[in-house]
Each structure stands twice: as C-alpha cells, then as structure tokens.
Amino acid sequence: MQIPIKRAIEKVPGGMMVVPLALGAIIATLFPATPKFFGSFTGALFTGSLPILAVFYVCMGASIDFKATPYILKKGGTLLGTKVGIAALLGIIVGQFLGEAPVASGVFAGLSTLAIVAAMNDTNGGLYMALMGQYGEPRDVGAYTVMTLESGPFLTMVTLGVAGLSAFEWPVLVGAILPLLVGMLIGNLDREMREFLSRAIPVMIPFFAFALGAGLDLTKVWQAGLLGLGLGVAVVVITGTALFLMDRVIGGSGVAGIAAASTAGNAAAVPAIVAANNPAYADAAPAATILVSACVIVTAILVPPVTAWVARRVGPARLGARSGTGEA
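My numbering numbers the first residue of the sequence shown as 138 and each following residue consecutively.
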C-alpha cells in the first residue's frame, strides 16, 4: 500500500519547507528534551541546520551557469537588483527606528529589521520558474539563474550593514557566500557535477527546515498571525510594484516582475544564520524566522493569481497565441 506523502505535502504552499518546519516546531514545543534524550544522529538532526544549509548552498551554486545569455543577464540582473534594492531601502528606513532589536510589545511585537530584509530579499525560485513557464518564455525562466544569487544570508548581511546596523567582519561575509561560489565553480567546470549536485537541492530543503523548526517555540507563533499575514502582503505589494515597473522599463511585459514578488522557502533560514554570525540579532532571529515562514506561505498563495491577472491584462495576444485560440 502506497501513501501519497509527497503529494500531500506539495499541496501546501511552500510545503517542503513549511511542513517539516512545523513538525520540528511541534516536537520542540511539546517534547523539548527530545534532542538530548536521543542524542547521536537524531539529536544532530534537531540542531544541525547550519551544516545542512552549507551543503545546500554548494548544490545551489552548482546550478548557476556562468554562460548566461545577455537577455538572461539583463532580465535576471534587473529583477535581482530591484528586489535587493527594495530590501536595502526598507532596511535603512526601518533600521533608523528599530535598530537590531525586535519590537517588544503591541500589535507589531516580533517585527524587526532583520525580518523585513530577509522577507523582501529572496524570491521563491520554484514558484517563479513555474509561473514563467506558463506565462513567459524559456529565457524568462532562465533569468532565475542570475536571481539565484539572492539565496543565502550574504546579501541580507550586506543590506543590514548598508542600513547602518551592526556590521559583519569580512571573513564572515566571505564565509556566507563561499559555499555558493565553490558550488558555482564546480558546476561550471564539470557539467556532470552540476547535474549531480543540482539534484540534491530539493532534497535538502525539508531537512534544514525541520532543524530550523526544532529551534522554534510554537507558544509564540500566534503573535506572528496577523503580522505575518501583513508582512507577506507587503512583500507582494511593495516588491511586486517595483519589479513590475522595472521589468517594463527594460522592455518586458511586467509579468516576470510580479512572478518574482515572493519570499523563498530558504529565506526562513536566514535569520538564524545571521544571528549565529552576529549576536546583536539573537533576540530578533526567532520571531523573524516565524514571520518569514509566514511570508513564504502568504506570497505563495497570492503571487500565482496576481501573476495570472497581470498576464491577462498586459499580454493577451501572446497568451492567445500560446493557447492556439487567439483569445486572452
């Protein structure tokens, strides 16, 4: 008898990230002594998010091809620059009021500069490529090879430094991006290694998600309810507007910009990594992880229908041609 576990998980938006993260959080909340009780490999799985993420970023880097076409560089570079630029601008503005610490109480309890920057910085690549496969062209899908550089904590660390908050020593910044660079080098030197390592990318996600969840206390999750929803909507509205306009500026339809207005599942790992490298963000990291996780779900739900609506509005002729009907 077969149980469709994978299919069930994938029905949840961002399921391969969100479901294991929730499972880890439930165990950590109800049975907090589990890692110490079992120890060994089981205990390591509860506490080993950073080593798993290090391997994940090597594999992610291997999937990036240096030989991207000019169009891919133009499109991907524009979307990447816009997404990171918006995160930096918001980081500078919010950082002036909050600094490194989260809001302590009230409706916005748990909100921090770290949470906002991490949520805005990184695009859900799987969602983007799926949407552009339906509403765009193959080269639009390929633009994500450039946008993959968003992945990981490096740009978030740089953004926080630009915002005038606690900076990171250069070895820490290099260390944050080094696994990605090593993967890029290996993947471009050997196509077979690229194929080999790239296959591991989706496999790693549920494992580091579970380890991240094991560090969360669900008794505090309710605090992120409406706030997480609001932050997710803000990601779509703020980054979506800017990305749409910039895509139009470079000659695109704007559809790719809307498709990129999401939060990547692996962005939920960024607050913990940032805090591990700079204790100034230790207080903000737990709530930021919850908020960013909420953004993953909210943006995964909102971006597809918004992208479809924009595609119908700005590209009816091309969409009709693809369907063979000549209608939008």
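Even for Gly, the Cβ is constructed at its ideal location relative to N, Cα and C.
Just so we're clear, the structure is a prediction, and the values are computed from it rather than from any experiment.
Closest by C-alpha distance to residue i, when choosing among the options
i	options	result
Leu-216	Arg-449, Gly-352, Leu-334, Thr-282	Thr-282
Gly-438	Leu-226, Ser-399, Phe-174, Ala-255	A small fix is needed here, since residue 438 is Ile in this sequence, not Gly. Among Leu-226, Ser-399, Phe-174, Ala-255, the Cα nearest to that of Ile-438 is on Ser-399.
Ala-348	Val-149, Met-154, Lys-148	Met-154
Val-192	Ser-430, Ser-335, Gly-222	Ser-335
Gly-243	Leu-364, Thr-171, Ile-140, Asp-202	Leu-364
Ala-225	Val-309, Phe-178, Val-443, Phe-291	Phe-291
Gly-367	Cys-432, Ala-405, Ile-164	Cys-432
Pro-441	Asp-327, Gln-271, Ile-314, Leu-326	Gln-271
Where the alpha helix (DSSP H) through residue i begins and ends
i	result
Arg-336	Neither: Arg-336 is in no alpha helix (DSSP H) and is coded neither H nor E.
Pro-441	422-451
Met-284	281-284
Pro-141	Here Pro-141 belongs to no alpha helix (DSSP H), and DSSP marks it neither H nor E.
Tyr-208	207-235
Thr-293	291-299
Ser-177	177-184
Leu-380	377-386
Gly-394	392-396
Gly-161	152-167
Thr-124	Any answer about residue 124 is impossible in this case: the structure gives the chain only from 138 up to 465.
Asn-414	407-414
Ala-419	Where Ala-419 is concerned, there is no enclosing alpha helix (DSSP H), given that its DSSP letter is neither H nor E.
Sub-8 Å separation of residue i and residue j beta-carbons
i	j	result
Ala-419	Ala-412	yes
Val-392	Gly-214	no
Thr-293	Asn-258	yes
Gly-133	Leu-428	Residue 133 cannot be examined here, being either before or after the span of the chain that is shown, 138 to 465.
Leu-187	Gly-350	no
Val-370	Val-435	yes
Ile-209	Arg-144	no
Ile-229	Val-299	yes
Ala-165	Gly-352	yes
Phe-345	Ala-396	no
Leu-227	Ser-249	no
Pro-169	Phe-183	no
Lys-148	Ile-387	no
Ala-404	Ala-162	no
Glu-306	Ala-417	no
Rounded distance between the beta-carbons of residue j and residue i, thought under 8 Å
i	j	result
Leu-380	Gly-394	3 Å
Met-330	Ile-323	5 Å
Glu-287	Lys-204	Rounded, the Cβ-Cβ distance is 20 Å, inconsistent with contact.
Leu-190	Ala-421	Contact flag wrong, Cβ pair sits at about 19 Å.
Val-254	Asn-414	No, Val-254 and Asn-414 are not in contact; Cβ-Cβ is about 14 Å, not under 8 Å.
Q. Are at least three pairs of beta-carbons, each pair with one atom in the region 367-377 and one in the region 266-274, less than 8 Å apart?
A. no
Q. Between the region 194-213 and the region 318-331, do three or more beta carbon pairs fall short of 8 Å?
A. yes
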